[in-house]
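Notes to accompany the following structure.
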Amino acid sequence: LLQSHRPQLYTLLGLYAMSMNCMEAAEAQFMAALRLSQERDLWTFANLNLGIVYLRGKREMEFANLLERINPDTLPSHSHSLRAAAYYVQGLQSFFQARYNEAKRYLRETLKMANAEDSNRLTSCTLVLLGHIFLSLGNSQESMNMVTPAMQLASKIPDVHVQLWASAIL
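Residue numbers (the working numbering): 46 to 215.
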């Protein structure tokens, strides 16, 4: 059992490491999952999370090398949820580069797809990130219009991390 599910376990450990803000450990786990995975959706999921690790660590070169593998338009997966997550990662990259209009475009696409898939965590994270963008653009009312439903959704899931992130904007 351990042998057949090793890539999934590495991916779960990577997600746990991310949640604990241990980005080096997360990277190592995702890289191990990528080395061992034969499954396309898991490979895509690990790459998307590795992209977030690189973005959070301001590692633009590594992210650029990964970009082709997580482009939502050429994603090797047929999963709508993974495609929505790929748009989110693109939006996150644009946000970190202060390309706010481009980020909004990617994140609106994420919202459409995440809502259609009932992916509540992705929806709430997207709303919070949009709230950050509107706040950065000086539009506090529109920011509140994003953050308030994000908080409500995060409390229903429940997801304390998203709630804390959203409350930081308030």
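Where is the CB? At the ideal position from N, CA and C, for every residue including glycine.
All values reported here derive from a predicted model rather than from experimental measurement.
Beta-carbon spacing of residue i, residue j below 9 Å
i              : j                 : result
proline 194    : leucine 172       : yes
arginine 166   : aspartate 118     : no
alanine 83     : proline 52        : The residue asked about is misnamed: residue 83 is glutamine in this sequence, not alanine. In contact: glutamine 83 and proline 52 (Cβ atoms closer than 9 Å).
isoleucine 178 : phenylalanine 140 : yes
leucine 174    : alanine 148       : yes
alanine 77     : tyrosine 55       : yes
Straight-line gap, residue i to residue j (C-alpha atoms, nearest Å)
i              : j                 : result
leucine 137    : glycine 176       : 12 Å
methionine 63  : alanine 71        : 6 Å
isoleucine 218 : tryptophan 88     : Only positions 46 to 215 of the chain appear in this structure, which leaves residue 218 out of reach.
methionine 191 : leucine 156       : 11 Å
leucine 182    : leucine 46        : 51 Å
glycine 96     : phenylalanine 108 : 6 Å
histidine 125  : leucine 198       : 20 Å
serine 185     : glycine 102       : 27 Å
histidine 50   : leucine 58        : 12 Å
isoleucine 202 : asparagine 160    : 14 Å
glutamine 48   : histidine 123     : 26 Å
aspartate 86   : glutamate 113     : 16 Å
asparagine 146 : serine 164        : 24 Å
methionine 158 : tyrosine 151      : 11 Å
serine 200     : leucine 209       : 10 Å
glutamate 187  : phenylalanine 90  : 31 Å
Residue burial classification, residue i (beta-carbon count within 10 angstroms, cutoff 16)
i             : result
arginine 80   : exposed
glutamine 74  : buried
glutamate 105 : exposed
alanine 130   : buried
leucine 111   : buried
CB-CB length for residue i against residue j, believed under 8 Å
i             : j              : result
methionine 4  : valine 98      : Nothing in the structure corresponds to residue 4, since the chain is present only between 46 and 215.
valine 134    : serine 169     : About 16 Å separates the two Cβ atoms, so there is no contact after all.
leucine 93    : leucine 127    : 7 Å
glutamate 154 : tyrosine 132   : 5 Å
alanine 211   : methionine 196 : 5 Å
C-beta neighbour in chain C for residue i, strict 9 Å
i              : result
methionine 158 : In the displayed structure, chain C is absent; only one protein chain is listed.
Restricting to runs no shorter than 4 residues, where is the alpha helix (DSSP H) found entirely within the stretch 155 to 190?
165 to 181
In chain order, which continuous runs of the alpha helix (DSSP H) of length 4 or greater are located wholly inside the stretch 73 to 137?
85 to 101 and 105 to 111
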